[in-house]
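Residues 23 to 96, numbered by the numbering used here, are exactly what the sequence shown covers, in order.
Down below is the structure, laid out as structure tokens.
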Amino acid sequence: MADNSRVQRFMRFTGRLRLIFGPAHSSPLDHEMTAENKELLARQQEATAQWTTVTRADGTSYLVPKDPGDRSLR
């Protein structure tokens, strides 16, 4: 019971701080991407481009390589 009241007091305290100082800072979504983020995005897109999703009749889906000669996961 004591832990619960401690948590409630903490939440009330941080709520009051948010009233005074406002919410935590979050960056806008319309800013320019950094070179590091662009490179990471390109690597992730390359990694996902090599797979395709196959959906079975029962609704389940799984990933298979796009290369038809690659039978490693089938």
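Idealized CB from N, CA, C, for every residue including glycine.
How big is the Cα-Cα spacing for residue i and residue j?
i, j, result
"leucine 39", "histidine 47", "14 Å"
"leucine 97", "proline 50", "Examination of residue 97 is not possible in this model, given that the chain is present from 23 through 96 alone."
"threonine 77", "glutamine 66", "22 Å"
"glutamate 61", "aspartate 52", "18 Å"
"asparagine 26", "glycine 37", "16 Å"
"glutamate 58", "arginine 28", "42 Å"
Let me check understanding here. Comparing Cα to Cα, which of the options lies closest to residue i?
i, options, result
"lysine 88", "Glu68, Ala79, Arg78 and Gly81", "Glu68"
"leucine 85", "Glu54, Arg78, Asp92 and Thr74", "Thr74"
"glutamine 72", "Gly91, Pro45 and Met33", "Gly91"
State the beta-bridge partners of residue i as determined by DSSP.
i, result
"glutamine 41", "Reading off the sequence shown, one finds leucine at residue 41, where the question assumed glutamine. The partner list for leucine 41 (beta bridge, DSSP) is empty, contrary to what the question assumes."
Taking DSSP as the reference, what is the three-state secondary structure of residue i?
i, result
"leucine 85", "strand"
"threonine 74", "strand"
"glutamate 68", "helix"
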